[in-house]
Amino acid sequence: MWRGLSCYGDFNDILDVTEKGWQETAYHTMNDFHRFVSDCHMLDLGYEGYPYISRNQREGGGIQERLHRGIANDHWLRIYPEARAVYQVVPGSDHAMLVLHT
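Below you can see the structure in the form of structure tokens.
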């Protein structure tokens with residue numbers, strides 16, 4: 001297994017149906033990303049701030065999804081036990097800036 005691995009950014013996929021706001025999603029759309037996270041023994045770093053971005057900007061509201069995240073394996077988390085992902089609003093953008101604090 002890799003040592004000290006972390007990844008963060010916009011993965012354009014969700015890990016759990018609860019990360020898609022109010023709209024239901026199909027489980028099959030999460031399979032590849034979930035398998036990657038599981039196979040690499042990665043853990044979500046959690047977050048501070050508002051984690052959802054708006055997609056499909058339509059009248060009446062867009063779809064809210066948590067696509068940005070930080071993930072890391074256990075070895076990396078032992079090196080950086082206080083690590084956390086912080087979402088910061090970017091004015092004029094439907095995406096958030098993800099800042100990794102270690």
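Numbering (our numbering), first residue to last: 1 to 102. All C-beta atoms, glycine included, are put in the ideal place defined by N, C-alpha and C. Predicted model only: the values in this text are computed from it and were never measured.
Asked                                                                                                                                       : Found
Using 8 angstroms as the Cβ pair cut-off and three pairs as the minimum, do the segment 74-94 and the segment 9-21 touch?                   : no
For my contact list, residue 98 and residue 85 are in at a C-beta cut-off of 8 angstroms; report their separation, rounded to the angstrom. : 6 angstroms
Quick one: using the 10 Å Cβ neighbour count with 16 as the cut-off for buried, is residue 79 buried or exposed?                            : exposed
Do you know how far the Cα of residue 17 is from the Cα of residue 4?                                                                       : 28 angstroms
Figure out for me which residue from 49, 64, 6, 90 has the closest Cα to the Cα of residue 41.                                              : 6
To the nearest angstrom, how far is the alpha carbon of residue 69 from that of residue 94?                                                 : 15 angstroms
What is the residue span of the beta strand (DSSP E) that residue 71 lies within?                                                           : 68-73
With DSSP as the reference, label residue 13 as helix, strand or coil.                                                                      : coil
Less than 8 angstroms between the CB of residue 84 and some heavy atom of the ligand ZN, yes or no?                                         : Among the components of this structure there are no ligands whatsoever, and the ligand ZN is therefore not found.
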